[in-house]
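**Q** Numbering (my numbering), first residue to last: 2 to 252.
Every residue gets a Cβ at the ideal spot worked out from N, C-alpha and C, and that includes glycine.
(1) List the whole-angstrom C-beta distance separating residue 35 from residue 63, where the pair is believed to meet the contact cut-off of C-beta under 8 Å.
(2) Please state if the CB of residue 142 and the CB of residue 4 are separated by a distance shorter than 8 Å.
(3) Look at residue 123 and residue 100 and say whether their C-beta atoms are less than 8 Å apart.
(4) Does the region 203-213 come close enough to the region 51-61 to have 3 or more Cβ pairs within less than 8 Å?
(5) If you reduce the DSSP assignment to three classes, tell me which class residue 21 lands in.
(6) Beta carbon of residue 88, beta carbon of residue 78: below 8 Å?
(7) Taking the alpha-carbon of residue 238 as reference, which of 216, 48, 229 has the nearest alpha-carbon?
(8) Counting Cβ pairs, one atom from each stretch, are 3 or more of them under 8 Å apart for the region 178-186 and the region 214-230?
(9) Measure how close the beta-carbons of residue 80 and residue 245 come, nearest whole angstrom, since I'm counting them as under 8 Å.
(10) What residues in its chain sit with their C-beta under 7 Å from that of residue 117, if we drop five residues either side in the sequence?
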């Protein structure tokens with residue numbers, strides 16, 4: 002049995018078990034080494050509060066990163082609505098809930114082989130008082146080679162940036178992805194885009210800065226509006242800076 006292929010199969014099967022092809026496309030998985038120096042660099046790039054894999058799991062050898070792409074319809078809606086997108090919010094809520102199930106399945110598989118595994122919750126890994134996150138799923142996915150960061154701070158994968166990432170850390174030694182990733186962001190490539198800056202309703206997103214508090218305030222407002230008009234609960238979302246991106250959805 003090839004462990005990496007089995008982990009990939011678990012992720013794919015568990016997402017398919019949701020039976021929501023209207024929201025999600027086939028996920029994909031990649032791996033990074035827990036001792037990759039880029040994890041140490043995150044303490045400078047993000048802050049010293051961002052934990053390394055071995056600070057989360059002392060005998061960590063590998064980091065499992067996976068991405069669940071949203072469908073074209075989900076990715077397209079946020080840029081067309083004034084406040085929060087119900088379709089985007091539903092996809093966000095449903096996959097975040099299901100990540101716990103997927104992560105537990107991965108952890109149970111690895112523990113059955115005698116390895117340790119530590120799961121990380123899908124979202125809200127930050128303290129709302131200072132917006133400092135102990136773990137960045139996107140940064141881990143970038144280290145694993147799943148994509149490259151665009152100007153909107155989203156990770157652009159081979160299927161775009163519209164979707165959700167999650168992480169499992171393990172003591173299992175897994176094959177690291179060494180495939181080079183081309184950055185597809187047009188603004189970073191040649192400065193020809195910048196649509197994500199223009200669409201932000203609170204001007205939180207700028208080329209050289211990100212006002213996390215202004216962004217989160219807007220997300221919270223959207224959540225309240227969606228609670229009033231839908232049955233959705235955990236929906237502090239926006240998605241406009243992703244939805245407007247020319248490479249948010251890649252077939």
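**A** Reading it off the structure:
(1) 6 Å
(2) no
(3) yes
(4) no
(5) coil
(6) yes
(7) 216
(8) no
(9) 5 Å
(10) 58, 60, 171, 172
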